[in-house]
Amino acid sequence: MNDGIANKYSQPDPKFIPSTAGDIFTLTFRSNNSHTQLLFIPPFAEEANKSRHILSALGRELAKHGIETTLIDLFGCGDSQGDLDQANLEIWHQDISNVINHILKQLQCDNLILGGLRLGANIAASFLNNRVPISKQQKLLLWQPIPDMAAYMKQFIRLKLAESITIQISKAGYPKNTSEIIASIQNGEPLEISGYPLSKQLFNDICSLNLSDFKLATAADISTFEINSSGTTSIPYQKLQQKLNESHPELNFATCAGHQFWACQEIARCDSLIEITANHLLQNTQEVKSE
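Sequential numbering from 4 applies to the sequence shown in my numbering.
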């Protein structure tokens, strides 16, 4: 992939789209005569900031090949309106639905793909699990979905414990472990972690997003990509793949060797992931056209 070449194909088009709880920010990478649209949900919190350059690179690459990509900031996230502690899963589902309706009105779309990275992937899957299909050719693209939401949230909460160590808080009554913090959330106490406020409802909504609990048969095509340094499928994803295959035997699962850019201290590239994803989507797009 040559980013210099990709840049000339698409200038991102920023737009605010009215939604249920507030205006939602979207960034679309346009493509001439496109009949395929990817709506992509970024990851959560700081992972989103570390991933935006990769998502933009994906949008530019796909635009070269006739696929438009729209990145969405859900309510309370990124540049969208609202405060995070006022968000919940139902509002986020409504945001996705409203943006999809906007896309379908603006674009003669034959092929709609809903995608996401990390928590964004789980949110995308939960949308299909809870909503009627938007189109008969709908597809689901999951980058590094989270296989264990409880473990994910505990890891996020550990940032709060790290903050206490950094600023040397040792006052009596201050939470000493993740269990105490979770208990305080469930008691309705406000909690802010690294600048991200969490309500009890949002915390519980996120914890409920286990892919293995979803019924994803409404998606015509489900593709999951794991990214790690070895390029081999890890044990958690082997278990996830096995579970999803029980209800969706046509699941496409691939492992890509590369940096886990959403967690790197420095800005990291992952060109191989973009290339593999683009090739996969193009192949599926051609199959749709031939039907």
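Idealized CB from N, CA, C, for every residue including glycine.
Nothing here was measured: the structure is a model prediction, and the numbers come from that model.
For residue i, three-class secondary structure by DSSP
i      : result
ASN91  : coil
PRO239 : helix
ILE99  : helix
GLU229 : strand
GLN204 : helix
ILE270 : coil
THR23  : coil
ILE149 : coil
Inter-residue Cα distance where the pair is residue i and residue j
i      : j      : result
GLY119 : TRP146 : 6 Å
CYS273 : HIS105 : 31 Å
ILE94  : LEU58  : 23 Å
GLY191 : ASN101 : 30 Å
GLN40  : THR72  : 6 Å
PHE206 : ILE149 : 15 Å
ASP98  : GLU253 : 29 Å
LEU276 : ALA90  : 31 Å
Counted within 10 angstroms of its Cβ, other Cβ atoms place residue i as buried (16 or more) or exposed
i      : result
SER22  : buried
ASP82  : exposed
GLY123 : buried
ILE270 : exposed
Residue interval of the beta strand (DSSP E) (run including residue i)
i      : result
GLN14  : Premise fails: GLN14 is in no beta strand (DSSP E) and is neither H nor E.
ALA257 : 255-260
Chain-order list of residues whose beta-carbon lies under 7 Å from that of residue i (same chain, five-residue window excluded)
i      : result
SER173 : In this prediction, SER173 has a pLDDT of 49, which is less than 50 and means its spatial position is unreliable; nothing more can be read from the coordinates.
6 Å CB neighbourhood of residue i in its chain, flanking five on each side removed
i      : result
LEU194 : ILE188, LEU201
THR1   : Nothing can be reported for residue 1, as the shown portion of the chain is limited to 4 through 294.
Contacts around residue i, its chain only, beta-carbon distance under 8 Å, and the 5 residues preceding and following it disregarded
i      : result
ALA257 : SER226, THR227, PHE228, GLU229, ILE279, HIS283
ASP298 : Lying outside 4 to 294, the shown extent of the chain, residue 298 is not represented and no answer is given.
Where the alpha helix (DSSP H) containing residue i begins and where it ends
i      : result
PHE28  : Here PHE28 belongs to no alpha helix (DSSP H); instead the beta strand (DSSP E) covers 27-32.
LEU61  : 55-67
GLN189 : 181-189
ASN132 : 122-133
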